[in-house]
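Numbering (the working numbering), first residue to last: 14 to 332. Yeah, the Cβ is synthetic: ideal placement off N, Cα and C, and Gly gets one too. All figures in this text were calculated on a predicted structure; none of them were measured in a lab.
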Ligand code: 5GP
Ligand code: MN
């Protein structure tokens with residue numbers, strides 16, 4: 014067993030109150046990891062509070078039946094703070110100024126670029142998801158059960174895009190298989206995650222796909238505020254749209270630019286065939302992985318789209 018895991022296990026045993034935090038706009042891996050960890054700690058009789066700046070999207074709120082995830086601030090006086098799935102401390106958003114950094118911070122993440130801001134950092138860049146790491150921790154701590162296994166499975170399933178992305182390894186498949194052995198109903202999870210979309214999302218998707226621009230080896234999609242309004246869709250309905258831009262043969266990189274209410278643009282980047290878009294996201298102050306990264310920037314959509322076109326052109330057509 015790794016030394017750091019041992020240290021975390023003893024911190025858990027010797028403390029009572031735990032805060033669990035993840036990133037802004039939490040995804041399936043954030044939520045699956047947070048809830049699984051919380052349920053595991055509760056099995057040991059610990060007090061746990063999960064806080065995220067933003068609530069889970071409709072897709073993932075279905076899984077928080079017990080309302081374990083909070084977005085309301087309180088006095089944070091927990092002994093130990095787990096920060097999961099965050100490469101940088103700023104990713105946790107508006108709680109940063111209220112956390113007592115004198116408390117012990119345990120940073121658990123799978124981003125290779127993780128800044129190791131914790132007192133203990135368990136960072137595994139070759140793991141598909143934070144859930145895969147939480148599995149290893151919980152497996153040594155408690156008897157896993159169907160409920161906990163389901164949350165961990167959701168984390169792995171969503172961060173691997175249902176085992177399609179290059180981060181799908183024999184290890185992630187083995188962990189998923191072990192989780193299924195605890196009784197995860199895979200068809201039910203799939204239905205909740207992938208087959209329960211609101212009609213507005215599908216209408217909006219049609220519009221976004223119509224407007225995709227195809228360039229030499231890359232593509233760009235946009236989602237304007239007007240498009241959301243036209244179809245009665247919400248920002249969260251655009252989750253995963255970016256993958257369509259990469260699904261075309263010959264396309265090695267894609268971007269989706271989304272206009273937000275506050276005048277900012279949220280950009281998601283994806284790549285394949287050995288191309289890395291991580292550095293491009295970092296150039297704009299964002300981050301992520303080699304083939305999936307993102308950032309947020311202030312600007313005009315059309316102007317920024319032109320700028321991004323130039324950058325992507327260079328990245329995918331290097332010679
Ligand atoms: P998405 O494009 O789906 O929001 O995110 C894809 C990947 O990029 C995720 O691993 C996510 O953590 C990372 N990412 C997205 N936006 C940001 C950002 O603003 N900052 C950092 N550091 N990472 C981001
Ligand atoms: Mn993740």
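For residue i, the three-state DSSP class (helix, strand or coil)
| i | result |
| --- | --- |
| residue 43 | helix |
| residue 232 | strand |
| residue 57 | coil |
| residue 195 | coil |
| residue 34 | strand |
| residue 81 | coil |
| residue 157 | coil |
| residue 97 | strand |
| residue 290 | coil |
| residue 63 | strand |
| residue 226 | strand |
| residue 316 | helix |
| residue 127 | coil |
| residue 88 | coil |
| residue 163 | helix |
| residue 205 | helix |
| residue 14 | coil |
| residue 177 | coil |
| residue 262 | coil |
| residue 143 | helix |
| residue 69 | coil |
| residue 251 | helix |
| residue 111 | coil |
| residue 171 | helix |
| residue 331 | coil |
Sheet register partners of residue i (DSSP bridge)
| i | result |
| --- | --- |
| residue 122 | 136 |
| residue 280 | 270, 308 |
| residue 182 | Per DSSP, none; premise fails for residue 182. |
| residue 300 | 307 |
| residue 117 | 93 |
8 angstroms contact criterion, which residue i and residue j should meet: CB distance rounded
| i | j | result |
| --- | --- | --- |
| residue 92 | residue 116 | 6 angstroms |
| residue 244 | residue 216 | 4 angstroms |
| residue 198 | residue 231 | That belief does not hold up - the Cβ atoms of residue 198 and residue 231 are roughly 39 angstroms apart, past 8 angstroms. |
| residue 66 | residue 106 | 3 angstroms |
| residue 143 | residue 46 | 4 angstroms |
| residue 64 | residue 32 | 6 angstroms |
| residue 135 | residue 121 | 5 angstroms |
| residue 188 | residue 148 | 5 angstroms |
| residue 335 | residue 151 | With the chain covering 14 to 332 only, the question about residue 335 has no answer from this structure. |
| residue 41 | residue 172 | 7 angstroms |
| residue 195 | residue 162 | 4 angstroms |
| residue 290 | residue 282 | 4 angstroms |
| residue 169 | residue 145 | 6 angstroms |
| residue 202 | residue 166 | 6 angstroms |
| residue 225 | residue 258 | 6 angstroms |
| residue 2 | residue 314 | In the structure as shown, the chain begins at 14 and stops at 332. Residue 2 is therefore absent and cannot be evaluated. |
| residue 287 | residue 294 | Not really, about 17 angstroms apart at Cβ, beyond 8 angstroms. |
Inset, instruction - Please list, following the chain, all residues that have a C-beta closer than 6 angstroms to any non-hydrogen atom of the ligand 5GP. - result: The set of residues whose C-beta lies within less than 6 angstroms of a heavy atom of the ligand 5GP reads, in chain order, 100, 101, 104, 281, 299, 300, 301, 302, 305, 306, 307, 308, 309.
Inset, instruction - Specify whether the segment 29-37 and the segment 89-106 touch according to this definition: at least 3 beta carbon pairs, one from each stretch, less than 8 angstroms apart. - result: yes
Inset, instruction - Evaluate contact between the segment 264-275 and the segment 310-329, counting only Cβ atoms and requiring at least three cross-stretch pairs below 8 angstroms. - result: yes
Legend entry - Stretch pair the segment 46-55 + the segment 221-238: three plus CB contacts closer than 8 angstroms: no
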